[in-house]
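The number in this note's numbering is simply the position in the sequence shown, starting from 1, with 16 added. Before any comments, here is the structure.
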Amino acid sequence: MKMSITVRNSAREAVTIILAVVVLAAGCLPGAVAEVAASEDGATLYATCAACHGKDGGGLRDGTVPAIGGQPAAVVLKALEDFRAGRRRDLRMQHFTDAEHLSGTAALQAIAAYVAGLKRTTRVAQGAGTALEIGKREFARACSACHGAGGTAVAARGIPALAGQHASYLERKLREAMLPGNTRACSHGVIVSRLAEGQGAAIADWLSRQPGP
Ligand code: HEC
Ligand code: HEC
17 MKMSITVRNS AREAVTIILA VVVLAAGCLP GAVAEVAASE DGATLYATCA
67 ACHGKDGGGL RDGTVPAIGG QPAAVVLKAL EDFRAGRRRD LRMQHFTDAE
117 HLSGTAALQA IAAYVAGLKR TTRVAQGAGT ALEIGKREFA RACSACHGAG
167 GTAVAARGIP ALAGQHASYL ERKLREAMLP GNTRACSHGV IVSRLAEGQG
217 AAIADWLSRQ PGP
């Protein structure tokens with residue numbers, strides 16, 4: 017069951033009350049609750065995220081925290097759900113997406129929608145710029161089948177845009193992909209371990225210079 021309600025300022029309280037009544041009466045109405053929450057809570061909830069990812073979702077140039085602003089909502093949502101469920105591991109993200117911090121699907125959706133709308137202003141960290149042709153060629157050969165020709169997001173598969181991401185973060189992810197026991201993301205370990213010395217950094221550098229989200 018799905019309800020579509022346009023929430024206008026003056027009507028907001030009334031809608032909230034009506035929804036509360038409807039929800040109580042119907043037992044559950046997740047669709048309707050999610051829609052209202054999505055239009056109201058994203059900015060407030062994002063304050064926690066901003067402490068690390070920045071107000072603009074630009075991340076950190078040292079590669080510890082990725083840029084996320086402008087990634088499609090479906091991509092952000094998948095990442096949040098994966099961290100929350102422990103399918104993707106990072107102590108900080110698992111902590112800030114747990115049930116103590118985010119109540120449920122509606123909250124995750126609201127944040128994802130907010131992140132998707134962010135306009136990044138943080139300058140992207142790039143590499144040395146000395147092997148861009150190699151980066152371009154190797155990305156086309158080894159990565160583009162899944163990541164697309166320009167490294168843009170593939171929302172339907174939950175694949176983030178790599179274009180416009182900090183080269184430092186991309187390089188770190190490629191190094192980590194080869195760590196024993198890392199089974200994430202379509203056997204990246206195997207794909208990355210077949211790259212020659214320096215090619216991973218070249219790909220990361222090239223990607224960081226492509227138009228991002
Ligand atoms: C304490 C710092 C911290 C906080 C707070 C935090 N993050 Fe993160 N976030 C990180 C780090 C570090 C990573 C990279 C994890 C990794 O290396 O896989 C990350 C990764 C992500 C990713 C995956 C990006 C990608 O390209 O794969 C998304 C999406 C994300 N965070 C969104 C959020 C949202 C939304 C919030 C708020 C609910 C949030 N983060 C709060 C530090 C933080
Ligand atoms: C067989 C398909 C496939 C190929 C080939 C592939 N990727 Fe990915 N990649 C994925 C998928 C799927 C994800 C999203 C994983 C997720 O979030 O569950 C991903 C995510 C990533 C991420 C985000 C960080 C992370 O760990 O999630 C980076 C960086 C990345 N890929 C780099 C590369 C590079 C560089 C290449 C080429 C050397 C490459 N990938 C080749 C499928 C692929």
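In this text, a Cβ means the ideal position worked out from N, Cα and C, and glycines have one as well.
Exercise. If you run the structure through DSSP and keep just helix, strand and coil, what is E51?
Worked result: For this step, residue 51 is matched to residue 35 along the sequence shown. Bear in mind that the predicted position of E51 carries a pLDDT of just 46, short of 50, making it unreliable; the figure below should be weighed with that in mind. Helix, per DSSP.
For this session: Measure the C-alpha to C-alpha separation of D221 and A183 and round it to an integer number of angstroms.
Result: For the purposes of this step, residue 221 is identified with residue 205 of the sequence shown, where counting begins at 1. For the purposes of this step, residue 183 is identified with residue 167 of the sequence shown, where counting begins at 1. Cα to Cα, D221 sits roughly 5 Å from A183.
Problem set entry | Inter-residue spacing [alpha-carbon to alpha-carbon] between A177 and R157 | Numbered from its first residue, the sequence shown carries residue 177 at position 161. Numbered from its first residue, the sequence shown carries residue 157 at position 141. Whole-angstrom Cα-Cα distance: 17 Å.
For this session: Using three-state DSSP, classify V170 as helix, strand or coil.
Result: Within the sequence shown, the letter at position 154 stands for residue 170. In the structure shown, V170 sits in a strand (DSSP, three-state: E or B).
Exercise. In three-state terms, what does DSSP make of I207?
Worked result: In the sequence shown, counting from the first residue as 1, residue 207 sits at position 191. Assigned with DSSP and collapsed to three states, I207 falls in helix.
For this session: Report the residue from L195, L76 and A172 whose alpha carbon sits nearest the alpha carbon of L93.
Result: By 1-based counting over the sequence shown, the position of residue 93 is 77. Measuring from the Cα of L93, the nearest candidate turns out to be A172.
Exercise. If you pair each beta-carbon of the stretch 154-168 with each one of the stretch 67-74, do three or more pairs fall below 8 Å?
Worked result: No, the stretch 154-168 is not in contact with the stretch 67-74.
Exercise. In the structure shown, what three-state DSSP assignment does A84 receive?
Worked result: Residue mapping note: residue 84 aligns to position 68 of the sequence shown, counting from 1. Reading the sequence as shown, one finds Ile at residue 84 and not Ala. Correct three-state label for I84: coil.
For this session: Inspect the beta-carbon positions of G288 and A218 and report whether they are closer than 7 Å.
Result: Nothing in the structure corresponds to residue 288, since the chain is present only between 17 and 229.
Exercise. Just curious, the alpha helix (DSSP H) that D72 is in, first and last residue?
Worked result: On the sequence shown, residue 72 is found 56 positions in, with the first residue counted as 1. Premise fails: D72 is in no alpha helix (DSSP H) and is neither H nor E.
Exercise. How about T168: is its C-beta nearer than 7 Å to some C-beta of chain C?
Worked result: The structure shown contains no chain C; it is built from a single protein chain.
Exercise. Between G228 and T137, what straight-line distance do the alpha-carbon atoms span, to the nearest angstrom?
Worked result: One-based indexing of the sequence shown puts residue 228 at position 212. One-based indexing of the sequence shown puts residue 137 at position 121. Spanning the two alpha carbons is a distance of roughly 12 Å.
Problem set entry | Residue burial classification, K189 (beta-carbon count within 10 angstroms, cutoff 16) | Here residue 189 corresponds to residue number 173 of the sequence shown, with the count starting at 1. Buried is the call here.
Problem set entry | Identity of the residues DSSP links to I175 by a beta bridge | As a first step, residue 175 must be located in the sequence shown, where it is residue number 159. According to DSSP, I175 bridges with V170.
For this session: With distances taken Cα to Cα, identify the nearest neighbour of D78 among R139, A147 and L148.
Result: Residue numbering aside, residue 78 sits at position 62 when the sequence shown is read from its first letter. Of the candidates R139, A147 and L148, the one whose C-alpha sits nearest the C-alpha of D78 is R139.
For this session: Spatial neighbours of A128 within its chain, please: CB distance less than 7 Å, with the 5 preceding and 5 following residues excluded, ordered by chain position.
Result: The residue you call residue 128 lines up with position 112 of the sequence shown. Excluding positions up to five away in sequence, the list reads A89, V92, L93 and L96.
Problem set entry | Cβ neighbours of K135 in the same chain (closer than 8 Å, five flanking residues each side left out) | Within the sequence shown, residue 135 is the residue found at index 119, counting from 1. Same-chain partners within the cutoff: D72, G85 and G86.
For this session: Could you pull out every residue in the same chain whose Cβ sits closer than 7 Å to the Cβ of H204, ignoring the five residues on either side in sequence?
Result: Locating residue 204 in the sequence shown gives position 188, counting from the first residue. Once the five neighbours on either side are set aside, the close Cβ partners of H204 are A193.
Exercise. Which class does L134 belong to by DSSP, given the choice of helix, strand or coil?
Worked result: As a working note, residue 134 is residue 118 in the sequence shown. Coil.
Problem set entry | Burial state of D57 (16 or more Cβ within 10 Å) | Position 41 of the sequence shown, counted from the first residue, corresponds to residue 57. By the neighbour-count rule (16 or more Cβ atoms within 10 Å), D57 is buried.
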